[in-house]
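What follows is a short report on a single structure.
Numbering (the working numbering), first residue to last: 25 to 177.
As structure tokens, then:
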């Protein structure tokens, strides 16, 4: 799975991501567990079916190819909700990490990336794939007037 065609990254880069983001993910998970009162003994409860490395790989494949969560769930032999949760946990870690350019400069927000490209005269290819968004059905609560067609008088 860590082949470059699937994730877009070399095995060495994936290993670096695991070493860099793994402890951060674990610290966030531990803090999340400590924030609420314990209902079970330490170590009790369900185990993760998707370890951190698999969560990272599933997220990278999802971001690179736009593979649906259903397909990834079949691929990793877990439920779709597990993939959705995993992608939701890993995407913020990748976003906080930002991207590194020559000279070791790390760019985090998109505005910094665009400013850097403009200043250096470089060009970039950005993915503008449309993503399906679920919204409430017509005449149901939670659907704003602006979401409806503007043809109503």
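Positions of the beta carbon are idealized from the N, C-alpha and C atoms, including for glycine.
So, under 8 Å CB-CB, residue i and residue j are touching, yes? Tell me the CB distance rounded to an integer number of Å.
{"i": "residue 108", "j": "residue 93", "result": "5 Å"}
{"i": "residue 80", "j": "residue 45", "result": "7 Å"}
{"i": "residue 74", "j": "residue 100", "result": "6 Å"}
{"i": "residue 84", "j": "residue 31", "result": "4 Å"}
{"i": "residue 140", "j": "residue 131", "result": "6 Å"}
{"i": "residue 123", "j": "residue 137", "result": "7 Å"}
{"i": "residue 49", "j": "residue 117", "result": "6 Å"}
Applying the 10 Å Cβ sphere with the 16-neighbour rule, what's the burial state of residue i?
{"i": "residue 148", "result": "exposed"}
{"i": "residue 106", "result": "buried"}
{"i": "residue 41", "result": "buried"}
{"i": "residue 119", "result": "exposed"}
{"i": "residue 97", "result": "buried"}
{"i": "residue 82", "result": "buried"}
{"i": "residue 78", "result": "buried"}
{"i": "residue 86", "result": "buried"}
Pick helix, strand or coil for residue i, following the three-state DSSP scheme.
{"i": "residue 84", "result": "helix"}
{"i": "residue 41", "result": "helix"}
{"i": "residue 121", "result": "helix"}
{"i": "residue 173", "result": "Legend: pLDDT at residue 173 = 46, less than 50; position of this residue unreliable, no value from coordinates given."}
{"i": "residue 130", "result": "strand"}
{"i": "residue 147", "result": "coil"}
{"i": "residue 77", "result": "helix"}
{"i": "residue 62", "result": "coil"}
In terms of residue numbering, what span does the alpha helix (DSSP H) encompassing residue i cover?
{"i": "residue 134", "result": "134–144"}
{"i": "residue 91", "result": "Note, residue 91: premise wrong, no alpha helix (DSSP H); not H, not E."}
{"i": "residue 30", "result": "28–31"}
If you draw a straight line from the C-alpha of residue i to the C-alpha of residue j, how long is it?
{"i": "residue 38", "j": "residue 65", "result": "34 Å"}
{"i": "residue 29", "j": "residue 76", "result": "21 Å"}
{"i": "residue 68", "j": "residue 60", "result": "15 Å"}
{"i": "residue 102", "j": "residue 145", "result": "45 Å"}
{"i": "residue 170", "j": "residue 113", "result": "At residue 170 the pLDDT is 49, less than 50, meaning the model places this residue with poor confidence; the figure from the coordinates comes in the next sentence. The straight-line gap from Cα to Cα measures roughly 31 Å."}
{"i": "residue 115", "j": "residue 159", "result": "22 Å"}
{"i": "residue 43", "j": "residue 63", "result": "31 Å"}
{"i": "residue 71", "j": "residue 127", "result": "42 Å"}
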